[in-house]
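Here is the structure we will look at, set down as structure tokens.
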Amino acid sequence: MYLLNPTFLVTERLIAIVILLQTFELLQIKEAFTSVWSWQILKKDYAFLPARIQNRLSYLFDVPYFLFILDLRIFLAILLLAFPQPLILLGLLLTTLLICVRWRGTYNGGSDSMTVVVLLALTVGTFFHGHGLVMKGCLWYIALQTCLSYWISGLTKLRKKNWRNGQALYLLVTATNYETPKEAQQILKIPLVAKLASWSILLLECSFPLALLSPDWCLAYIAVALFFHLGNFFVFGLNRFVFAWMAAYPALYWCSHLSKLLTSR
Amino acid sequence: MNALLRVLIPSWRFFDDVGHVSKLFYQVDTAQKWQPCFQPQARHWYQLFLNPHTNLRLALNSLVDRLMSEISAINPQANKDQLPQSVSYQLVENLVRHQVRSLLPKAQSFRFKIVISAPGTLDADYDALISEMHEV
């Protein structure tokens, strides 16, 4: 059980902070719950359900009830910082899923998915506290999903010619709906820089599963990946990804001690 | 159920397809020029921790992309009457209505359009959707 419990504890604290930040953000845009994503429109997605169930859903997703879910999520995240109990994690998992359902999938794409991956594993792991095999399985689930998140993303890009020659990255920064800094646009105008930056991303993402080979490699990959996520924040504004993936790294690091795990009882 | 599956089974595909870009415009009077729906936002280092308005903008752009992918999946001519009844269309309509109300409180009606561009290609931009007039 080499550092199994401390890894759970650190991950629980990190995900609590991630959830607090995410929920504070949602509360700051609460006007959009009625001005754009109004439940009166969203509920048409559930028209196939019996009227009785549709009415019940209104008590979850209509405003002000939905705001209670956000408040509850903040309360549970604060509790998790002090008391990492399975029911608190279950509550956080359920409120996170409800929030995603109201956004018709996810609000912020991959960062919501990674939050759910970590919460799901922690919830199962804490319900089976003391069952080493289940707890290890939960950490492996987070670690493998983390590796997959980079690897799949890298492979799908590697197949595209415009990613291999740097053009896709240049277009992503200059011609899409992301509001990117002028400096990034200027520097990626140089084809060699765009190609080098593109291949750096491809190399990091495609080789990321190697992080599981040893703790030293893992730390190196985590450091580079953090730098990559910070870059994504400065260029594209994707702040949530930094913290959601940070919450997954302790499990990745724990799993990189594979050789020690195999010899431990 | 689809919404739940979308979050429980992550796709982990980020930025692999930099093909088409959907841009949303509105017009409050047919004689006036089309205006971009989104205004540029400033970015600061402290938004690393809390970045609600950029993330909202990303979600709104995803909403427009989703409407476009739904339009691509149907024959818009055959379903012309049904399109304004779709959830994605009405959410985009709400989004534009909210923008118009906050920027032009005296406007009576508006319409919106989605322009598709294919950066990096020789293809010209084209209007993929022009809505009917809607009341503010």
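Top to bottom, those sequences are chains A and B. Going by this note's numbering, 24 is the number at position 17 of the first sequence; the sequence numbering is gapless. Going by this note's numbering, 138 is the number at position 7 of the second sequence; the sequence numbering is gapless. Yeah, the Cβ is synthetic: ideal placement off N, Cα and C, and Gly gets one too.
Can you give me the Cβ contacts of A:L64 inside the same chain, cut-off strictly under 8 angstroms, excluding the 5 residues immediately before and after it?
As a working mapping, residue 64 of chain A is identified with position 57 in the first sequence. The answer, listed in chain order, is K50, Y53 and L56.
Ignore the nearest five residues each way along the sequence and tell me which others in A:W153's own chain have a CB closer than 6 angstroms to its CB.
On the first sequence, position 146 is the one that residue 153 of chain A refers to. In the sequence on display, residue 153 of chain A carries Thr and not Trp. Contacts found: A255 and L259.
Going straight from the alpha carbon of A:T122 to that of A:E38, what length do you get?
By one-based count along the first sequence, residue 122 of chain A stands at place 115. By one-based count along the first sequence, residue 38 of chain A stands at place 31. When rounded, the distance between both Cα atoms is 24 angstroms.
With 16 as the cutoff for other CB atoms within 10 Å, does A:G161 come out buried or exposed?
Here residue 161 of chain A corresponds to residue number 154 of the first sequence, with the count starting at 1. It is buried - the Cβ of A:G161 has at least 16 other Cβ atoms within 10 Å.
Partner residues on chain A for B:R137, Cβ-Cβ distance less than 7 angstroms:
Locating residue 137 of chain B in the second sequence gives position 6, where the first residue counts as 1. Per Cβ cutoff of 7 angstroms: G112 and T113.
For B:S233, count the other beta carbons within 10 Å of its own beta carbon; 16 or more makes it buried, fewer makes it exposed. Which is it?
Here residue 233 of chain B is taken as the residue at index 102 of the second sequence, counted from 1. Counting Cβ neighbours within 10 Å, B:S233 comes out exposed, since fewer than 16 surround it.
A:Y72 versus A:V25: straight-line alpha-carbon distance, rounded
The residue labelled residue 72 of chain A in the question sits at position 65 within the first sequence. The residue labelled residue 25 of chain A in the question sits at position 18 within the first sequence. Each residue's alpha carbon lies about 23 angstroms from the other.
Span separating the alpha-carbon of A:F215 from that of A:Y228:
Translated into positions along the first sequence, residue 215 of chain A becomes position 208. Translated into positions along the first sequence, residue 228 of chain A becomes position 221. A:F215 and A:Y228: Cα-Cα distance of roughly 7 angstroms.
Which term fits A:G244, buried or exposed, when burial requires 16 or more other beta carbons within 10 angstroms of its beta carbon?
In the first sequence, counting from the first residue as 1, residue 244 of chain A sits at position 237. Counting Cβ neighbours within 10 Å, A:G244 comes out buried, since at least 16 surround it.
Within 8 angstroms, strictly: CB atoms of A:L77 and A:L33:
What you label residue 77 of chain A is simply residue 70 of the first sequence in a count that begins at 1. What you label residue 33 of chain A is simply residue 26 of the first sequence in a count that begins at 1. Closer than 8 angstroms, so yes.
Test: B:K244 CB closer than 8 angstroms to a CB of chain A
Reading the second sequence from its first residue, position 113 is the one you call residue 244 of chain B. Taking Cβ atoms only, chain A never reaches closer than 8 angstroms to B:K244, which makes this a no.
How many whole angstroms separate the CB atoms of B:A259 and B:I205, which I take to be in contact at a CB cut-off of 8 angstroms?
For the purposes of this step, residue 259 of chain B is identified with residue 128 of the second sequence, where counting begins at 1. For the purposes of this step, residue 205 of chain B is identified with residue 74 of the second sequence, where counting begins at 1. That pair is no contact at about 13 angstroms.
How is B:A238 classed by DSSP in three states: helix, strand or coil?
Residue numbering aside, residue 238 of chain B sits at position 107 when the second sequence is read from its first letter. Coil at B:A238, not helix or strand.
Using beta carbons (cut-off 8 angstroms, strictly below), is B:L179 in contact with chain A?
On the second sequence, position 48 is the one that residue 179 of chain B refers to. True, the Cβ-Cβ gap to chain A drops below 8 angstroms.
In chain B, which residues lie less than 9 angstroms from A:A290 when you measure between Cβ atoms?
As shown, chain A starts at 8 and ends at 272. That puts residue 290 of chain A outside it, with no answer to give.
Report the three-state DSSP secondary structure of A:D78 (helix, strand or coil).
Locating residue 78 of chain A in the first sequence gives position 71, where the first residue counts as 1. Residue state, collapsed to three classes: helix.
B:S219 classed as buried or exposed, judged by whether at least 16 other C-beta atoms fall within 10 angstroms:
Along the second sequence, one-based indexing puts residue 219 of chain B at 88. Buried, since its Cβ has 16 or more Cβ neighbours within 10 Å.
Given that a residue counts as buried once 16 or more other Cβ atoms are within 10 Å of its Cβ, and exposed if not, what is A:S263?
The residue you call residue 263 of chain A lines up with position 256 of the first sequence. Buried, because 16 or more other Cβ atoms sit within 10 Å of the Cβ of A:S263.
Beta-carbon proximity of B:D147 to A:K202, cut-off 8 angstroms
Position 16 of the second sequence, counted from the start, is the residue given in the question as residue 147 of chain B. Position 195 of the first sequence, counted from the start, is the residue given in the question as residue 202 of chain A. Cβ atoms of B:D147 and A:K202: not closer than 8 angstroms.
Are A:P257 and A:T18 closer than 8 angstroms when you measure CB to CB?
To locate residue 257 of chain A, count along the first sequence from 1; it is residue 250. To locate residue 18 of chain A, count along the first sequence from 1; it is residue 11. Their beta carbons are under 8 angstroms apart, which means A:P257 touches A:T18 by this criterion.
Does A:L126 pass the burial test, meaning 16 or more other C-beta atoms within 10 Å, or should it be called exposed?
Numbered from its first residue, the first sequence carries residue 126 of chain A at position 119. Per the 10 Å Cβ criterion, buried.
According to a CB-to-CB cut-off of less than 7 angstroms, which residues of the stretch 226-238 of chain B neighbour chain A?
L226 and H229
Per DSSP, which one or two residues make a beta bridge with B:Q166?
Numbered from its first residue, the second sequence carries residue 166 of chain B at position 35. Answer is B:Y157, bridged to B:Q166.
Where does A:S214 fall in DSSP's three states?
Locating residue 214 of chain A in the first sequence gives position 207, counting from the first residue. Here A:S214 sits in helix by DSSP.
Where A:P91 and B:K154 are concerned, what is the direct C-alpha to C-alpha distance, given to the nearest angstrom?
As a position in the first sequence, residue 91 of chain A is number 84, starting the count at 1. As a position in the second sequence, residue 154 of chain B is number 23, starting the count at 1. A:P91 and B:K154: Cα-Cα distance of roughly 45 angstroms.
Measuring only between beta-carbons, confirm whether B:F146 sits less than 8 angstroms from chain A.
On the second sequence, residue 146 of chain B is found 15 positions in, with the first residue counted as 1. With 8 angstroms as the cut-off, B:F146 counts as an interface residue toward chain A.
On the criterion of 16 or more Cβ atoms from any shown chain inside 10 Å, does B:P141 qualify as buried, or is it exposed?
Taking the second sequence and counting its residues from 1, one reaches residue 141 of chain B at position 10. Answer is buried; the Cβ neighbour count reaches 16.
With the cut-off set at 8 angstroms, would you say B:S217 and B:F243 are in Cβ contact?
Mapped onto the second sequence, residue 217 of chain B falls at position 86. Mapped onto the second sequence, residue 243 of chain B falls at position 112. Contact: no.
Proximity test, Cβ basis, 8 angstroms: A:F234 and chain B:
In the first sequence, the residue the question calls residue 234 of chain A occupies position 227. No - not a single Cβ of chain B is within 8 angstroms of the one on A:F234.
So, with DSSP's three-state summary, where would you put A:K196?
Numbered from its first residue, the first sequence carries residue 196 of chain A at position 189. Reduced to three states, the DSSP call for A:K196 is coil.
For B:V152, does the three-state DSSP call read helix, strand or coil?
For the purposes of this step, residue 152 of chain B is taken as residue 21 along the second sequence, with counting starting at 1. Residue state, collapsed to three classes: strand.
Which residue comes first and which comes last in the beta strand (DSSP E) that contains B:D258?
The residue you call residue 258 of chain B lines up with position 127 of the second sequence. Its beta strand (DSSP E) spans residues Y257 to I261.
Write down the C-beta distance between A:L96 and A:T130 rounded to the nearest angstrom, noting that I regard them as a contact closer than 8 angstroms.
Position 89 of the first sequence, counted from the first residue, corresponds to residue 96 of chain A. Position 123 of the first sequence, counted from the first residue, corresponds to residue 130 of chain A. With a Cβ gap of about 4 angstroms, A:L96 and A:T130 count as contacting.
Can you list, in chain order, the residues of its chain whose CB lies under 7 angstroms from that of A:W261, leaving out five sequence neighbours each side?
The sequence position of residue 261 of chain A within the first sequence is 254, counting from 1. L10, T14 and L146, listed in sequence order.
Given B:K237, which residues of its chain have a CB within under 6 angstroms of its CB, disregarding the five upstream and five downstream residues?
On the second sequence, position 106 is the one that residue 237 of chain B refers to. Result list for B:K237: empty, nothing under 6 angstroms.
On a CA-only basis, which of A:Q174, A:L237 and A:Q192 is nearest B:P250? Give me that one, please.
Taking the first residue of the second sequence as position 1, residue 250 of chain B is located at position 119. Comparing Cα-Cα distances from B:P250 to each of A:Q174, A:L237 and A:Q192, the minimum goes to A:Q174.
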